[in-house]
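**Q**
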Amino acid sequence: MSKPGKDLDDATDSADRTGKSARSTRSGLLGFLGEFGLIVVIALILSALLRTFLVQLFVIPSSSMEHTLDIGDRAMVVKPMDFHRGDVVVFRDPGDWLSESAVTTSPARKVFEFLGVMPASSADHLVKRVIGMPGDHVTCCNANGQIEVNGTALDESSYLYQTNGFMSTPSDIPFDVVVPADHIFVLGDHRNDSRDSRYHLCDATDGEPVGSAAFVPVADVTGPVVAIALPFSRATRLHTPETFEAVPDAGSAPEEPIITLSPCTTP
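Position 113, counted from 1, in the sequence shown is what UniProt numbering calls 113; the numbers after and before it change by one each time, with no gaps.
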């Protein structure tokens, strides 16, 4: 028969061990949660830095670049990378290209986009193909209905939108322009459903020549689209179409755009 004092000591030791075990478990759990939280914070910081300086995903919001880029595609943009004539680029709205209803994004989504948790919604950005670089003479259209850059006709069959095997026309809007310094002239691949540079050749901007709004400042370009990241069924790299390789170098770029023909000058 055990002594009462002994039983009390055993019970106390058991309670101490149980308490220490519980504290150890709580301490281990808190330590794990702390380390996990630190990892998450570091990952978010790295993601934000990656998004800010290197690579960013954009959700394609419209059909203006079909079928190079479809609605809902996640386009991968490389920021430090140079772009060239013929490349697809993402750029900030240079001024009233987007309607007011198109530029609404919730504060929470903006935070997630900044952290890189969600791809950018493209709410204040657009995506188009660069047809003219600074100094390029871009005209539409020649006797064969083709756009010409610096006197060279473009074969756009590899990327223009097609319906039932028929390619859409390069442009129903005639134009003849010389791209000013530090600006680009852009068009969507789905020409009949793209409000691009052509639609702003008659815009009047305070203190600037009529049509200046049609040309996107190079400083507003986020970067070229190098690939479709998602969905996986459409994942692919984007390349500069071969037709642009034949285009000769531009002459010196004027400080202001030269617009010889546009919708507002057409008889």
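All residues carry an ideal CB built from backbone N, CA and C; glycine is no exception.
Everything numeric in this text was worked out from a predicted model, so none of it was measured.
Assign residue 269 to one of two classes, buried (16 or more other C-beta atoms within 10 Å of its C-beta) or exposed (fewer than that).
**A** Any property of residue 269 remains undetermined from this structure, which presents the chain solely from 1 to 267.
**Q** Check whether the Cβ atoms of C140 and S171 sit closer than 8 angstroms, and answer yes or no.
**A** In contact: C140 and S171 (Cβ atoms closer than 8 angstroms).
**Q** Rounded to the nearest angstrom, how far is the Cβ of D189 from that of L230, given a contact under 8 angstroms?
**A** Not really, about 19 angstroms apart at Cβ, beyond 8 angstroms.
**Q** Which residue comes first and which comes last in the beta strand (DSSP E) that contains H84?
**A** Here H84 belongs to no beta strand (DSSP E), and DSSP marks it neither H nor E.
**Q** Let me know the secondary structure DSSP gives T243 once reduced to three states.
**A** It is helical.
**Q** List the DSSP bridge partners of M167.
**A** Answer is Q162, bridged to M167.
**Q** When DSSP labels each residue in this structure, what does V218 get in the three-state scheme?
**A** Helix at V218.
**Q** Excluding the 5 residues preceding and the 5 following D193 in the sequence, name in chain order all residues of the same chain whose CB lies nearer than 7 angstroms to its CB.
**A** Cβ neighbours of D193 beyond the five flanking positions: S63 and S64.
**Q** Around the Cβ of M133, are there at least 16 other Cβ atoms within 10 angstroms (buried) or fewer (exposed)?
**A** Burial call: buried.
**Q** Given a cut-off of 8 angstroms on the beta-carbon distance, is the pair P224 and D87 in contact?
**A** Against a cut-off of 8 angstroms, the Cβ pair of D87 and P224 comes out as a contact.
**Q** Along the chain, where does the beta strand (DSSP E) that runs through L201 open and close?
**A** L201 -> no beta strand (DSSP E), and no H or E assigned at all.
**Q** Taking Cβ positions, are V186 and S197 nearer each other than 8 angstroms?
**A** A contact, by the Cβ cut-off of 8 angstroms.
**Q** Output the distance between the C-alpha atoms of P61 and A227, rounded to the nearest integer angstrom.
**A** About 16 angstroms.
**Q** With a threshold of 8 angstroms on Cβ separation, who are the neighbours of N142 within its own chain once the five nearest residues in sequence on each side are excluded?
**A** Within the same chain, N142 has close Cβ partners E148 and A153.
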